[in-house]
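J.: My questions will all concern the structure given below.
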Amino acid sequence: MVLSMRTELSTEQRRRLALVLLLATQLMVILDGTIVNVALPTIRDDLGFSQAGLAWVVNGFFVAFALLLLPAGRLGDLVGSRRVFVAGLAVFTVATVAAGLATGPTMLLVARIAQGVGGALTSAVVLGMIAGLYADGAARARAFALVAFVGSAGASIGVVSGGLLTDFASWRWVFWVNVPIGLAVLLAAPAVLDETPGVPGLRRGLAGSQALVPRALRSNPAFLLPNLVLFTMTVAGFSFQFLTALYLQDSLGLDALHTGLAYLPVTLAIAVTSLGVSGRLAARLGPERVVVAGLLLFVAGMLLMVALPDHGAFAVHVAPGFAVMGAGFGLAMPQVTALAMAAAPPRDAGAASGFVNTTQQAGGVLGLTVVATVAAAQGRAAGFVVAAAVLAAGALVAARLSVAAGRRRRGPDAGRCPPARVGTPTLERC
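Per our numbering, the very first residue in the sequence shown carries number 22; after that it's consecutive.
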């Protein structure tokens, strides 16, 4: 059946379906990380969690997820990305069923950790698999624009759907809602996703730390600098979500459901700029310049958040900053991801994908820790200022990338050092 389905589909059809499956999986994992937050009080009362134990319903997932991203990405290079993707999805789906069936704290925590393991295995190889679908840089950037949109939309959908499911059904459905997606992707994956064979020569030294991040990535500024920019973006993004969620609920008095709906201006702005504007501007101006422009808008949006009054109105004081921030993020995110992945050779696509995902997790966790501490001591405005300052540093790094790219295009050696393509690291090109 799988063989017949593969033969009936054209190459372009399989590519589109493969992208849909990979994006659906990303959405599922993102939902799982956010949808549970609204249901936590109900879970605590139903299963008898302590307050300290309840935090591990969230942390158990994210700790396992973050720790395994790099090893899982490298494992994809060693044994094949599709195998790792399917194995991780199977673990995630089974663990999701178990989480919904949990009868006590221990069972739920074990299931959440297993979800984190499965989510890491799948997410770690997704970016590399998406990059492998497209040889054309513009098409690849459009695919990464969809990834950026799914990421932003997934967070908003998670908060809203978590409130709806908890209020009108049961907290167990915040887990079970992902099961049909997982089963559908598992059934379709063999027919749609191409097998990517592992690289036998890489298997030596798997246990060594160097195996996780190959030298072609560790020594390549074309890969590391976009990751540094991405780090600053996730510092600002996670801080923005944390601080504004508190403001919307504590200062404006919104409940969890309406807080989720309040992020729609961000999601819409990201959708418009990432899907409709970012790629077109990159084709005309170059991706590096688009990243700089996006980060400057992002900084402007964060600075608008600094001025939030204690008794403000959403439409006047919040929505404009949300829209500006979303527009900047939507412009920059697809291009910075595409720049990072373009610098990775195909044999290291899994490791590169895992590294990019780890960069985002590290930026979110470390940045939020610092910003939350500053906000608790100095106030909400100070937290926004710190996040904006980190993001401004990212804009300076992006400006350096843009200047270097301009010199390559204009300089006498431009013909010997062409713009980056997938699988051609800078050190090998120049």
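Backbone N, C-alpha and C fix where the C-beta goes; we use that ideal spot for every residue, glycine too. The structure displayed is predicted, hence computed values, not measured ones.
When you compare the CB positions of Q356 and V418, do they come within less than 7 angstroms of one another, or not?
T.: Going by C-beta atoms, Q356 is not nearer than 7 angstroms to V418.
J.: Alpha carbons only, please: which of M128, R133, G94 and R103 is nearest the one belonging to F113?
T.: F113 has its Cα closest to that of R133, out of M128, R133, G94 and R103.
J.: Expressed to the nearest angstrom, what Euclidean distance is found between the alpha-carbon atoms of G297 and G125?
T.: Approximately 47 angstroms, taken between the alpha carbons.
J.: Runs of 3 residues minimum, wholly inside the segment 311-370: which ones carry the beta strand (DSSP E) assignment?
T.: DSSP runs (the beta strand (DSSP E)) wholly in the segment 311-370: none.
J.: In or out: P330 buried (at least 16 other Cβ within 10 Å) or exposed?
T.: Flag for P330 reads exposed.
J.: Thinking C-alpha only, which one of G137, R65 and L422 is nearest A314?
T.: Selected option, being the one with the closest Cα: L422.
J.: Let me know if D276 comes out buried or exposed under the rule of 16 or more other beta-carbons within 10 Å of its beta-carbon.
T.: By the 10 Å Cβ count, D276 comes out exposed.
J.: Is DSSP giving E33 helix, strand or coil here?
T.: DSSP places E33 in helix when its eight states are reduced to three.
J.: Examine the Cβ distances between the segment 359-378 and the segment 141-150 and report whether three or more of them are shorter than 8 angstroms.
T.: In short, these stretches touch, since the Cβ pair count reaches three.
J.: Taking only three categories from DSSP, how would you classify S240?
T.: Reduced to three states, the DSSP call for S240 is coil.
J.: Short check: CB of V392 to CB of V407, under 7 angstroms?
T.: Yes.
J.: So, are the CB atoms of V411 and G347 less than 7 angstroms apart?
T.: Going by C-beta atoms, V411 is not nearer than 7 angstroms to G347.
J.: Report the CB separation of T143 from V50 in whole angstroms; it is logged as a contact under 8 angstroms.
T.: Yes, T143 and V50 are in contact; Cβ-Cβ is about 6 angstroms, under 8 angstroms.
J.: Check R133 in the structure and name its three-state DSSP category.
T.: Residue state, collapsed to three classes: helix.
J.: Apart from the five residues on each side of it in sequence, which residues of its chain come closer than 8 angstroms, Cβ to Cβ, to V118?
T.: Within the same chain, V118 has close Cβ partners F196, W197 and V200.
J.: To which residues of the same chain is W192 closer than 6 angstroms at the C-beta, ignoring the five residues directly before and after it?
T.: Within the same chain, W192 has close Cβ partners A60, T63 and I64.
J.: With distance defined between alpha-carbon atoms, name the residue in L89, D67, T294 and F259 nearest to G121.
T.: The option with the nearest alpha carbon to G121 is D67.
J.: With burial defined as no fewer than 16 other Cβ atoms inside 10 Å of the residue's Cβ, what is the status of L233: buried or exposed?
T.: Buried is the call here.
J.: From the DSSP output, in three-state form, read off P235 for me.
T.: Looking at P235 - three-state DSSP - the assignment turns out to be coil, as it is neither helix nor strand.
J.: Restricting to Cα atoms, I'd like to know which of R431, A420 and A45 is closest to A209.
T.: When only C-alpha atoms are compared, the closest one is A45.
J.: Return helix, strand or coil for W197, following the three-state DSSP convention.
T.: DSSP places W197 in helix when its eight states are reduced to three.
J.: If we require 4 or more residues per run, which alpha helix (DSSP H) segments fall completely within the segment 115-188?
T.: Those alpha helix (DSSP H) runs which fall completely within the segment 115-188 and span 4+ residues are 126-154.
J.: Identify which residue in A303, A160 and L316 has its Cα closest to the Cα of R37.
T.: Nearest C-alpha to R37: A160.
J.: Would you mind sorting G137 into buried or exposed? The rule is 16 or more other CB atoms within 10 Å of its CB.
T.: Per the 10 Å Cβ criterion, buried.
J.: Can you tell me which of A39, L267 and L130 puts its alpha carbon nearest to the alpha carbon of S71?
T.: Cα-wise, what sits closest to S71 is L130.
J.: Suppose the cutoff is 7 angstroms on Cβ atoms and the five residues either side in sequence are ignored; what does the same chain contact list for R452 look like?
T.: A question about residue 452 goes unanswered here, because the residues of the chain that appear run from 22 up to 451.
J.: Assuming the contact rule is C-beta atoms closer than 8 angstroms, A321 and L251 should be a hit. Round their C-beta distance to whole Å, please.
T.: Rounded, the Cβ-Cβ distance is 19 angstroms, inconsistent with contact.
J.: Can you give the Cα-Cα distance for L317 and A397, rounded to whole angstroms?
T.: The straight-line gap from Cα to Cα measures roughly 26 angstroms.
J.: Going by DSSP in three states, G226 sits in which element: helix, strand or coil?
T.: For G226, the predicted model reports a pLDDT of 47, less than 50, meaning its position is unreliable; a value from the coordinates is still stated below. Of the three classes helix, strand and coil, the one that applies to G226 here is coil, per DSSP.
J.: With a threshold of 6 angstroms (Cβ to nearest heavy atom), would A164 be considered close to the ligand FMN?
T.: You won't find the ligand FMN in this model; it holds no ligand whatsoever.
J.: Helix, strand or coil for D276? Go by DSSP, reduced to three states.
T.: The answer is coil: DSSP assigns D276 none of H, G, I, E or B.
J.: Look at N241 and A364 and say whether their C-beta atoms are less than 7 angstroms apart.
T.: Yes.
J.: Does the distance from the C-beta atom of E309 to that of A426 stay below 7 angstroms?
T.: Yes, Cβ-Cβ distance for E309 and A426 is below 7 angstroms.
J.: Would A152 be called buried (16 or more neighbouring beta carbons within 10 Å of its own) or exposed?
T.: The residue is buried, with at least 16 neighbouring Cβ atoms inside 10 Å.
J.: Please report the distance separating the alpha-carbon of R431 from that of R305.
T.: So the alpha carbons of these two residues sit roughly 15 angstroms apart.
J.: Quick check: what's the CA-CA separation for H279 versus P235?
T.: Going from the Cα of H279 to the Cα of P235 covers about 45 angstroms.
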